[in-house]
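S.K.: Residue numbers (my numbering): 21 to 222.
Let me give you the structure first, and then I'll get to my questions.
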Ligand code: GRF
């Protein structure tokens, strides 16, 4: 399975993918794109010998134009799966439709709680005792697509943000590669006519 990754930031999730699944079980990361030309994620990909590209809105006329350029770039590389690993732009409906059923995202909360930006801050502010990580298919809404995997993370009693962030990120680094492995093995399917994702046993 040829995998494309989009990332805007430091790229620790990308690194977990490169270290954990790239080159194993027929999984190859073949393209890493970003909206930020200076994203450390691109350096990590280049270091791993993966092709990279930056797509900025100033290069292209608008978001739809940028997203169409990203989609063309990924399709030319024949990716079977696109992973959003800290990609901080909302993708346009046209992009989501082109990759429907093969576009996934990692989110630092137990969806449908705390979608959108600063999910960890939202959880702390709400006073929940348990939050977590979700890997889900992307649909046209914000963090609203069918849920593939979730893992809970307890909020520390002292509500220390840094400690919670560290545990959530470490959990993401396990869960996202796990979801990619399951998809590559053909074990993940959305039940027809529903939003329920079935995971076949190994
Ligand atoms: C992760 O927490 C991810 O869930 C969120 O953005 C962060 C990206 O971190 N969407 P990194 O760039 O993978 O280190």
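The C-beta atom is built at its ideal place from N, Cα and C for all residues, glycine as well.
Which first and last residues belong to the alpha helix (DSSP H) in which residue 129 is found?
M.R.: Note, residue 129: premise wrong, no alpha helix (DSSP H); not H, not E.
S.K.: Residue 70: buried (16+ other C-beta within 10 angstroms of its C-beta) or exposed?
M.R.: Label assigned to residue 70: buried.
S.K.: Does the count of Cβ pairs from the stretch 119 to 128 and the stretch 152 to 170 closer than 8 Å reach three?
M.R.: Verdict: yes, contact present.
S.K.: May I ask you to check if the CB of residue 190 is nearer than 7 Å to at least one heavy atom of the ligand GRF?
M.R.: No, the Cβ of residue 190 stays beyond 7 Å of every heavy atom of the ligand GRF.
S.K.: Is any heavy atom of the ligand GRF found at a distance shorter than 7 Å from the C-beta of residue 187?
M.R.: Checking every heavy atom of the ligand GRF against the Cβ of residue 187, none is found closer than 7 Å.
S.K.: Given this structure, state the Cα-to-Cα distance separating residue 109 from residue 102, to the nearest angstrom.
M.R.: Residue 109 and residue 102: Cα-Cα distance of roughly 14 Å.
S.K.: Quick one: does the C-beta of residue 24 sit closer than 7 Å to a heavy atom of the ligand GRF?
M.R.: False, no ligand heavy atom lies under 7 Å from that Cβ.
S.K.: Would the C-beta of residue 128 count as close to the ligand GRF, meaning under 7 Å from any of its heavy atoms?
M.R.: Yes.
S.K.: Short of 7 Å in beta carbon distance, which residues of its chain neighbour residue 116, apart from the five on each side in sequence? Order them along the chain.
M.R.: Hits under 7 Å: 123, 158, 159, 160.
S.K.: So the candidates are 25, 169, 145; which of them puts its Cα closest to the Cα of residue 199?
M.R.: Nearest C-alpha to residue 199: 169.
S.K.: Is residue 31 near the ligand GRF - that is, is its Cβ less than 7 Å away from at least one heavy atom of it?
M.R.: Under cutoff, so the answer is yes.
S.K.: Taking 7 Å as the limit between beta carbons, can you name the residues of its chain near residue 59, skipping five residues before and five after?
M.R.: Cβ neighbours of residue 59 beyond the five flanking positions: 27, 28, 29, 31.
S.K.: Any beta carbon from chain B within less than 8 Å of residue 57's own beta carbon?
M.R.: Absent here is chain B; the protein component of the structure consists of one chain.
S.K.: Going by Cα to Cα distance, which pick from 94, 22, 211, 64 is closest to residue 44?
M.R.: When each option's Cα is compared against that of residue 44, the closest is 22.
S.K.: On the DSSP letters alone, give me the boundaries of the alpha helix (DSSP H) that residue 115 sits inside.
M.R.: Segment 113 to 118, the alpha helix (DSSP H) holding residue 115.
S.K.: Below 8 Å CB to CB, which residues in the same chain sit around residue 114 once its five sequence neighbours on both sides are set aside?
M.R.: These residues qualify, in order along the chain: 84, 87, 88, 91.
S.K.: Could you please give me the residues that DSSP links to residue 157 through a beta bridge?
M.R.: Beta-bridge pairing links residue 157 to 124.
S.K.: Could you tell me whether any non-hydrogen atom of the ligand GRF is closer than 7 Å to the CB of residue 106?
M.R.: Because some heavy atom of the ligand GRF lies under 7 Å away, the Cβ of residue 106 counts as near it: yes.
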